[in-house]
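Protein chains: 2
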Amino acid sequence: MKAELISIGDELLIGQTVNTNASWLGKECSQRGVRIVQVTTISDDKQLILDAVKQAFERADLVLVTGGLGPTKDDITKHTLCEFFNTSLEMHIPTLQQIEQFFSQRNRPMLDVNIRQAELPKDCEILTNRVGTAAGMWFDYKGKVLISMPGVPYEMKGIMQEEVFPRLDSRYQLKSLFHKTILTQGMGESFLAESIAEWEDEVRDAGLSLAYLPAPGMVKLRLTSFEGKQREAEIDAYFAVLKDRYPSLVFGEGEETLPEVIGKILLQKNQTIGTVESCTGGGLAASFVANAGASAYFSGSLLTYTNTLKQQIGKVSEEKLKEFGAVSSEIAEEMAQNGREILGVDMSVSTTGVLGPDGGTPENPVGTVWIGVATKDRTLSKRFQYGDNRERNSQMAILSALNLARCELLELIFEKK
Amino acid sequence: MKAELISIGDELLIGQTVNTNASWLGKECSQRGVRIVQVTTISDDKQLILDAVKQAFERADLVLVTGGLGPTKDDITKHTLCEFFNTSLEMHIPTLQQIEQFFSQRNRPMLDVNIRQAELPKDCEILTNRVGTAAGMWFDYKGKVLISMPGVPYEMKGIMQEEVFPRLDSRYQLKSLFHKTILTQGMGESFLAESIAEWEDEVRDAGLSLAYLPAPGMVKLRLTSFEGKQREAEIDAYFAVLKDRYPSLVFGEGEETLPEVIGKILLQKNQTIGTVESCTGGGLAASFVANAGASAYFSGSLLTYTNTLKQQIGKVSEEKLKEFGAVSSEIAEEMAQNGREILGVDMSVSTTGVLGPDGGTPENPVGTVWIGVATKDRTLSKRFQYGDNRERNSQMAILSALNLARCELLELIFEKK
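Chains as they are written, first to last, in my numbering: chain A, 66 to 482; chain B, 66 to 482.
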């Protein structure tokens with residue numbers, strides 16, 4: 066089943082509001098096998114709405130419309146739809162009673178504009194809005210369907226979940242799309258594509274669809290089946306093959322994050338972690354603390370941004386700092402090693418680098434970062450070379466450090482490219 | 066000038082990615098007098114792209130296209146635009162050199178797919194992408210313009226800011242909107258509106274438009290003149306009045322951030338700062354380090370997430386921890402005070418709280434945060450009460466701590482509501 070979404074509202078076009086309705090509907094619909102093929106965002110303008118509805122009906126079986134149902138003057142969706150469907154408004158008594166109840170519950174007087182919200186098109190099914198005053202509307206039209214809903218996200222979501230999805234499920238035999246996503250870190254999109262070309266051919270030959278979704282410092286791979294959840298086991302098997310071939314690259318699935326994955330491993334091993342940071346400035350630590358319950362495995366950090374503090378609280382030797390410089394394998398390893406002792410943790414991760422825009426040298430150009438990891442068994446360090454954007458370099462360094470720590474915890478050989 | 070945006074990508078339609086490009090472009094364009102009248106989101110499908118471009122040209126003078134320029138098989142925008150504009154691809158040497166440099170800087174070999182990213186349409190102007198390998202394209206077409214850019218937000222933003230807006234400014238006479246923004250921290254939107262009601266009347270009477278732009282932990286106030294830059298001095302004067310009346314609330318202008326503002330004050334005073342963090346987990350330190358040149362005033366931090374580390378490296382007394390608990394005025398102040406000594410800094414800022422979702426008590430419910438500030442003259446602490454969203458609470462605590470530090474540096478009385 067093909068659907069289109071028409072989002073109405075100036076606030077979306079001037080960037081005051083992000084269109085999260087579109088992403089919510091996209092996710093919920095595709096999980097139920099309704100494929101949204103286009104999203105059109107327009108302002109509260111009669112002709113634009115009429116054109117958009119006409120064109121959407123040409124391409125889709127289901128047209129979802131959000132916005133423009135409020136009580137103010139600029140909300141014209143209801144009148145415009147009456148024109149399109151050649152019908153008129155009449156007072157809808159159950160909706161009026163519901164609006165009356167809504168205001169009396171809140172001890173607020175009901176205004177004329179609110180009463181007029183109960184005037185609804187004759188030729189449509191009314192979809193109850195339990196959390197607001199703008200009802201939804203279901204129009205049947207030449208074997209297709211248009212649904213109009215308010216733009217307020219929680220009102221739209223309520224109507225979709227309580228009124229629309231149950232009706233769609235009972236009236237249509239939907240084809241069932243099913244997605245699953247696997248997460249990789251350590252290779253850019255192009256390299257990953259080349260490395261896994263064979264695997265990609267296998268999944269495509271099996272009739273599954275593969276998408277590369279690059280995000281800063283990582284690439285998500287999404288497999289889609291057009292025959293629904295029944296192919297989940299098959300998708301899982303393909304993911305298992307990928308994990309098996311590239312264990313250092315594949316770190317998780319779905320909505321997992323690297324700090325969460327590390328947290329789970331640490332909890333299993335009954336171990337703790339801490340960080341000694343220079344260039345990442347606390348960002349690596351903050352990525353752990355972002356997770357509720359992090360105190361079970363994350364203890365704390367030393368943030369030694371200056372060379373003085375590297376010596377004073379990080380106990381790095383002055384001689385080594387002079388000999389090798391702060392951005393070096395030796396200092397990264399000493400920071401990590403000393404951190405284990407000072408913080409009393411099982412694993413300590415260190416970062417030291419030049420994030421830019423200034424401070425680069427021929428030996429250590431902007432974007433150079435050394436990451437160290439120390440456990441009771443060994444200490445190692447790796448050099449990374451990123452670009453010249455400070456913020457992005459920081460994100461990349463944090464993710465590289467996390468994946469290096471994960472590989473060390475799992476005794477994997479760390480690959481990067 | 067009317068513009069339309071065509072966003073290409075399945076990830077937007079199935080809700081895996083929220084279309085923040087649309088809101089960013091909406092905001093930036095409208096500030097420059099370019100009105101986005103429609104946003105159309107479609108998948109990487111040749112016919113859909115051709116139809117969308119054709120229809121957009123019927124309605125708008127400027128068509129912005131994002132997405133579908135990556136190196137993988139599903140990225141087809143470039144070829145489709147060649148078909149639409151009846152042109153073909155050729156190797157663009159400057160882009161090829163830039164891609165080569167991009168990979169050599171990162172010590173990564175260049176693949177065939179990357180080389181092919183330098184094959185670009187003959188009949189267009191190439192827009193340099195300084196942070197990625199997919200160049201932008203500017204097509205002139207029947208007196209109108211189409212611009213194609215990658216969908217990765219920071220690449221698209223870079224191309225718009227460095228290549229597109231300067232060209233638009235020089236080639237078109239855009240309507241002259243002029244905006245200036247002043248930044249406040251410490252009061253919610255409703256309270257702020259009530260507090261500054263009189264000032265708001267004054268600016269509205271002067272024919273300026275005022276917008277409240279709430280962001281987590283702060284409220285931006287934007288004044289807009291419809292007669293261009295000529296009213297800048299007047300806007301500055303209104304801002305000066307606001308700063309004078311509410312010095313603890315107003316911390317900066319435009320794109321300034323609180324850590325930057327504090328950095329400037331510290332540099333002037335030739336002083337340094339450090340942090341001792343518990344609940345903010347390094348995020349407060351990271352907010353300083355995000356700024357290039359932070360090492361001139363920011364030294365480092367202790368991140369004492371567990372009570373053990375509060376004692377061992379933060380030198381907080383076991384007795385006080387037992388008597389008052391970790392989330393208390395006494396511990397916040399002791400953390401800040403000891404931090405000054407241990408880190409050897411002029412000012413030390415501490416955080417200790419319960420960010421949630423668990424861990425609340427009747428005395429310190431979720432959202433309670435104590436912030437301490439120590440200077441050579443005095444130590445003080447303040448209690449803050451936020452909501453139940455962990456991520457938001459962390460952001461709020463960081464901003465409150467920064468503004469408290471700023472007020473203390475400037476010897477202002479700190480207000481909050």
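Heads up, the beta-carbon is just placed ideally off N, CA and C, and yes, glycines get one too. Since we're looking at a predicted model, the values are computed, not measured.
Does any C-beta atom of chain A lie closer than 8 Å to the C-beta of residue i?
i                : result
Arg457 (chain B) : no
Val392 (chain B) : no
Asn84 (chain B)  : yes
Phe12 (chain B)  : Outside the displayed range of chain B (66 to 482) lies residue 12 (chain B), so it cannot be described from this structure.
Ala350 (chain B) : yes
Val438 (chain B) : no
Thr246 (chain B) : no
Asp309 (chain B) : no
Val315 (chain B) : no
Val217 (chain B) : yes
Asp75 (chain B)  : yes
Please work out which residues of its chain come closer than 6 Å, Cβ to Cβ, to residue i, disregarding the five sequence neighbours upstream and downstream, and give them in chain order.
i                : result
Gly319 (chain A) : Thr246
Gly425 (chain B) : Val419, Val431
Val410 (chain A) : Thr337, Ile338, Gly339, Ser364
To which residues of the same chain is residue i closer than 7 Å at the C-beta, ignoring the five residues directly before and after it?
i                : result
Lys385 (chain A) : Glu395, Ile396, Glu399
Leu349 (chain A) : Thr340, Glu342, Val414, Thr416, Ile463, Ala466
Ala361 (chain A) : Leu332
Tyr219 (chain A) : Val196
Tyr277 (chain A) : Glu254, Ala258, Val284, Leu286
Taking C-beta pairs closer than 8 Å, name the residues in chain A that residue i reaches, listed in chain order.
i                : result
Ile378 (chain B) : Gly365, Leu367, Ile378, Ile407, Leu408
Ser108 (chain B) : Val102
Mind pulling the chain B residues with CB within less than 9 Å of residue i?
i                : result
Leu90 (chain A)  : Gly80
Asp423 (chain A) : Ala357, Gly358
Ala258 (chain A) : Pro136, Thr137, Lys138, Leu176, Val178
Strictly below 7 Å CB to CB, what residues from chain A border residue i?
i                : result
Ile101 (chain B) : Leu78
Asp139 (chain B) : Ala276
At a Cβ threshold of 8 Å, is residue i touching chain B?
i                : result
Gly347 (chain A) : yes
Leu469 (chain A) : no
Leu288 (chain A) : no
Thr371 (chain A) : yes
Val354 (chain A) : yes
Leu332 (chain A) : no
Ser95 (chain A)  : yes
Gln336 (chain A) : no
Tyr451 (chain A) : yes
Ser255 (chain A) : yes
Ala87 (chain A)  : yes
Residue i touches chain B at which residues, Cβ-Cβ below 8 Å?
i                : result
Gln112 (chain A) : Neighbours of Gln112 (chain A) on chain B: none; closest Cβ ~11 Å, over 8 Å.
By Cβ distance below 8 Å, which residues in the same chain neighbour residue i in space, the five residues on each side in sequence not counted?
i                : result
Val268 (chain B) : Leu275, Leu288, Tyr303
Thr444 (chain A) : Glu398, Ala401, Gln402, Gly437, Val438
Glu473 (chain B) : Met412, Val438, Thr440, Leu445, Phe479
Ser459 (chain A) : Cys344, Thr345, Gly346, Gly348, Leu420
Using 8 Å as the limit for Cβ to Cβ distance, is residue i near chain E?
i                : result
Pro136 (chain B) : Among the protein chains of the structure shown, namely A and B, there is no chain E.
Taking residue i as the query, report the chain B residues whose CB atoms sit under 7 Å from its CB, ordered along the chain.
i                : result
Asn454 (chain A) : Val196
Leu374 (chain A) : Ser364, Gly365, Leu408
What residues of chain A sit near residue i, judged by a beta carbon separation below 9 Å?
i                : result
Gly105 (chain B) : Going by the sequence as given, residue 105 (chain B) is Thr instead of Gly. In chain order: Gln103, Val104, Thr105, Thr106.
Does the region 70-85 of chain B touch the region 101-109 of chain B, meaning 3 or more C-beta pairs lie closer than 8 Å?
Counting C-beta pairs with one atom in each stretch, the region 101-109 of chain B and the region 70-85 of chain B have three or more that are closer than 8 Å, which means they touch.
Interface residues of the region 161-187 of chain B facing chain A [CB-CB below 7 Å]:
Hits within the stretch, in order: Gln170, Arg171, Asn172, Arg173, Leu176, Val178, Asn179.
Would the region 87-95 of chain B count as touching the region 80-88 of chain A if we require 3 or more Cβ pairs under 8 Å?
The region 87-95 of chain B vs the region 80-88 of chain A: in contact.
Examine the Cβ distances between the region 119-136 of chain B and the region 162-174 of chain B and report whether three or more of them are shorter than 8 Å.
Not touching, per the Cβ criterion.
Are at least three pairs of beta-carbons, each pair with one atom in the region 186-194 of chain B and one in the region 216-228 of chain B, less than 8 Å apart?
The region 186-194 of chain B vs the region 216-228 of chain B: in contact.
Contact residues within the region 262-284 of chain B, judged by C-beta distance below 9 Å to chain A:
Ala276, Leu278: these are the residues of the region 262-284 of chain B whose beta carbon lies less than 9 Å from some beta carbon of chain A, given in chain order.
Just checking, does the region 178-191 of chain A make contact with the region 138-150 of chain A on the three C-beta pairs under 8 Å criterion?
Contact holds: three or more Cβ-Cβ distances are below 8 Å.
Pairs of beta-carbons, one from the region 103-118 of chain B and one from the region 105-123 of chain A, closer than 8 Å: are there three or more?
Because the criterion of three Cβ pairs below 8 Å is met, the region 103-118 of chain B and the region 105-123 of chain A touch.
Are the region 367-374 of chain A and the region 362-381 of chain B touching, with three or more C-beta to C-beta distances below 8 Å?
Touching, yes.
The region 253-270 of chain B contacting the region 202-210 of chain B, beta-carbon criterion three pairs below 8 Å:
Segments in contact, no.
Pair every Cβ in the region 152-165 of chain B with every Cβ in the region 228-240 of chain B, then say whether three or more of these pairs are closer than 8 Å.
Segments in contact, no.
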